[in-house]
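As numbered in our numbering, residues 57 to 219 make up the sequence shown, in order.
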Amino acid sequence: MIINLKNKDTLIIDEFKFKCCIGKNGITDAKIEGDKYTPKGKFKLGLLYYRADRVKKPSTNLKIKKIKKNMGWCNDQNSKYYNKEIKINKKYKYEKLYREDYKYNYLIVIEYNMKRIIPNKGSAIFLHLTKNYKPTVGCIGLKEKDFLILLKIINKKTRISIS
Numbered sequence: 057m058i059i060n061l062k063n064k065d066t067l068i069i070d071e072f073k074f075k076c077c078i079g080k081n082g083i084t085d086a087k088i089e090g091d092k093y094t095p096k097g098k099f100k101l102g103l104l105y106y107r108a109d110r111v112k113k114p115s116t117n118l119k120i121k122k123i124k125k126n127m128g129w130c131n132d133q134n135s136k137y138y139n140k141e142i143k144i145n146k147k148y149k150y151e152k153l154y155r156e157d158y159k160y161n162y163l164i165v166i167e168y169n170m171k172r173i174i175p176n177k178g179s180a181i182f183l184h185l186t187k188n189y190k191p192t193v194g195c196i197g198l199k200e201k202d203f204l205i206l207l208k209i210i211n212k213k214t215r216i217s218i219s
């Protein structure tokens with residue numbers, strides 16, 4: 057099963073079409089850390105993270121993990137943990153997963169730059185929530201109702217194709 061990103065603002069899977077938002081600068085096949093582009097390519101979907109203190113455990117076939125206050129995603133290119141989930145500490149730069157806003161109430165890891173991690177090639181590329189379709193810093197945003205529908209359709213073998 058493939059999720060296709062078309063026209064920079066539509067995710068298509070089977071007969072479903074979902075409005076979405078992407079990185080502020082568009083799509084690139086030459087992604088670098090902090091460039092505000094969404095990476096081009098075909099990627100596996102990783103873990104689904106969720107905020108159990110705010111939302112119900114989602115119904116899905118994906119592997120699920122609760123977001124805790126001490127969880128982050130390393131975006132420090134000098135760290136051996138670059139582009140991986142970490143326990144927050146002062147040693148490394150990171151993206152906080154336990155956010156004050158709603159965007160990471162649900163998030164799915166897009167497995168970009170994860171097989172053979174290359175520092176500075178981009179990190180923390182997620183499918184996450186949006187309310188207003190404001191451009192992201194490289195992720196793909198969906199409204200919560202669409203995200204929850206998507207979760208019922210996809211499975212561990214689903215890929216996302218960004219072009």
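Just so you know, even glycine gets a beta-carbon here, dropped at the ideal spot from N, CA and C.
Residue i beta carbon near the ligand ZN (any heavy atom closer than 8 Å)
i, result
"Leu103", "By its list of ligands, the structure shown contains no ligand whatsoever, and the ligand ZN lies outside what it can speak to."
Chain-order list of residues whose beta-carbon lies under 6 Å from that of residue i (same chain, five-residue window excluded)
i, result
"Tyr105", "Lys121, Ile123, Leu163"
"Asn60", "Ile68, Ser217"
"Ile58", "Arg215, Ser217"
Residue span of the beta strand (DSSP E) that contains residue i, given as start and end
i, result
"Glu156", "Glu156 -> no beta strand (DSSP E), and no H or E assigned at all."
"Lys73", "72–75"
"Lys201", "Looking at the DSSP string, Lys201 is not in any beta strand (DSSP E); the run it does join, the alpha helix (DSSP H), is 200–209."
"Ile216", "215–218"
"Ile21", "Examination of residue 21 is not possible in this model, given that the chain is present from 57 through 219 alone."
"Asn63", "Neither: Asn63 is in no beta strand (DSSP E) and is coded neither H nor E."
Any C-beta of chain C under 9 Å from that of residue i
i, result
"Trp129", "Reference to chain C is not applicable here, since this structure consists of a single protein chain."
Buried versus exposed call for residue i [16 or more other C-beta atoms within 10 Å across all chains shown]
i, result
"Ser179", "buried"
"Gly90", "exposed"
"Asn247", "This structure cannot settle anything about residue 247, because the visible part of the chain is limited to 57 through 219."
"Phe182", "buried"
Contact under 9 Å by Cβ, residue i with residue j
i, j, result
"Thr116", "Lys208", "yes"
"Tyr93", "Lys100", "no"
"Ser135", "Lys146", "no"
"Lys75", "Leu198", "yes"
Same chain, Cβ closer than 8 Å to residue i, neighbours up to 5 away in sequence not counted
i, result
"Tyr138", "Cys130, Asn131, Asp132, Ile173, Pro175, Ser179"
Neighbourhood of residue i by C-beta distance below 7 Å, restricted to the same chain and skipping five residues each side
i, result
"Glu151", "Gly128, Trp129, Asn131, Ala180"
Taking only runs of the beta strand (DSSP E) that begin and end inside the stretch 79–156, which ones reach a length of at least 3 residues, in chain order? Look at the stretch 79–156 and you find these whole runs of beta strand (DSSP E), each 3 residues long or longer: 97–106, 120–122, 127–130, 141–143, 150–152.
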